[in-house]
Amino acid sequence: MEDINVPEEDRVWVRGWFPLLFELSCIVSRCKLDVRTRGLTVLFEIVKTYGDAFQSHWWKDLFQVLFRIFDNMKLPEQHTEKAEWMTTTCNHALYAIVDVFTQYFDILGPLLLEDLYTQLHWCVQQDNEQLARSGTNCLENLVNSNGLKFQDSTWDKTCQCMLDIFNCTIPSALLTWRPDEGRDGKESDLEIISNENGDPSRQGILKRSNSMYSIQSNSTSPSSADELKMSKAKVGSDKLFASLLIKCVVQLELIQTIDNIVFFPATSRKEDQENLALAQADLLHIEAGLSEQQREEQ
Numbered sequence: 001m002e003d004i005n006v007p008e009e010d011r012v013w014v015r016g017w018f019p020l021l022f023e024l025s026c027i028v029s030r031c032k033l034d035v036r037t038r039g040l041t042v043l044f045e046i047v048k049t050y051g052d053a054f055q056s057h058w059w060k061d062l063f064q065v066l067f068r069i070f071d072n073m074k075l076p077e078q079h080t081e082k083a084e085w086m087t088t089t090c091n092h093a094l095y096a097i098v099d100v101f102t103q104y105f106d107i108l109g110p111l112l113l114e115d116l117y118t119q120l121h122w123c124v125q126q127d128n129e130q131l132a133r134s135g136t137n138c139l140e141n142l143v144n145s146n147g148l149k150f151q152d153s154t155w156d157k158t159c160q161c162m163l164d165i166f167n168c169t170i171p172s173a174l175l176t177w178r179p180d181e182g183r184d185g186k187e188s189d190l191e192i193i194s195n196e197n198g199d200p201s202r203q204g205i206l207k208r209s210n211s212m213y214s215i216q217s218n219s220t221s222p223s224s225a226d227e228l229k230m231s232k233a234k235v236g237s238d239k240l241f242a243s244l245l246i247k248c249v250v251q252l253e254l255i256q257t258i259d260n261i262v263f264f265p266a267t268s269r270k271e272d273q274e275n276l277a278l279a280q281a282d283l284l285h286i287e288a289g290l291s292e293q294q295r296e297e298q
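full-length UniProt numbering puts the first residue of the sequence shown at 1, with every later residue one more than the last.
What follows is the structure, given as structure tokens:
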């Protein structure tokens, strides 16, 4: 890039910092686990050490690069590689980003907090339990570390982020899921009798009186097509329940996160009781004020 087109104060960024940090991010995106882990560590050590010298628009450029680490289009295609990437690199990057945010919150909060919340929201939707747990844990760390600096609008964004995570992880499919039935929509009489009595060859003959076919013709092993269909159905059910389990985990983790934010982790049961009493007193005061206001309006 020609220096003549770059303001004087930005030349050190364009010709120095940005190329260095961008190349480190490329190493993170392209190399094997041990190399990308080292690259990620060096990248964030540079940011934490020299971030004081960064200007606001430099931070925006930098976070565009950092968030590319989580880009779906850049993740490995194979399931095992993608799961490893999320559990290692994405997980490491997420905690490092929150650490940077905490260190430079006065600058980054007004600039990029909504973008960070969007990234945390993305993390809990990836059907990866470790990354989902990390997303809620990072949200808790961010709020507990910087909550005293939050303005009303910041709290509104934070609460909206939590609400969005709750809504997107409700395991609603549990209300509509039905187990796959046997072939042709129901189990055969022989299968039911076999399960109850343990010996299909004898008990089936005695109890299968309403059948138009012989026992032998119906007790043959299922065709390969049936086996394939049943296998696919089982895989689909396993995948569904794995996803639902992660959603349940996120719901529990987020409840714990809110509990830890509202009642910051106490050092003793007595402190918990004191915090709860203070919260109840505040609630009663608010209720009394609302009641008085209603009486005045009437």
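For every residue, glycine included, the Cβ atom is placed at its ideal position computed from N, Cα and C.
T102 sits away from T257, with the two beta carbons spaced by 8 Å or more. By the Cβ neighbour-count rule, C161 is buried, with 16 or more other Cβ atoms within 10 Å of its own. The C-beta separation of Y95 from S134 comes to about 7 Å, placing the pair in contact by the 8 Å criterion. Secondary structure of F67 (DSSP, three-state): helix. Taking C-alpha positions only, R11 is separated from L112 by approximately 23 Å. Within the model, the alpha-carbon separation for Q130 versus K82 is close to 13 Å. By the neighbour-count criterion, in which 16 or more other beta carbons inside 10 Å mark a residue as buried, F70 falls on the buried side.
Between the beta-carbon of F166 and that of L254 there is about 6 Å, and that keeps the pair under the 8 Å contact cut. Counted as a single uninterrupted DSSP element, the alpha helix (DSSP H) harbouring W122 occupies residues 105-123. Apart from sequence neighbours up to five positions away, the residues of its chain that approach N91 with a beta-carbon distance below 7 Å are Q130, L131, S134, ordered along the chain. Closest in alpha carbon position to L175, among V14, L20, D127, L240, is L240.
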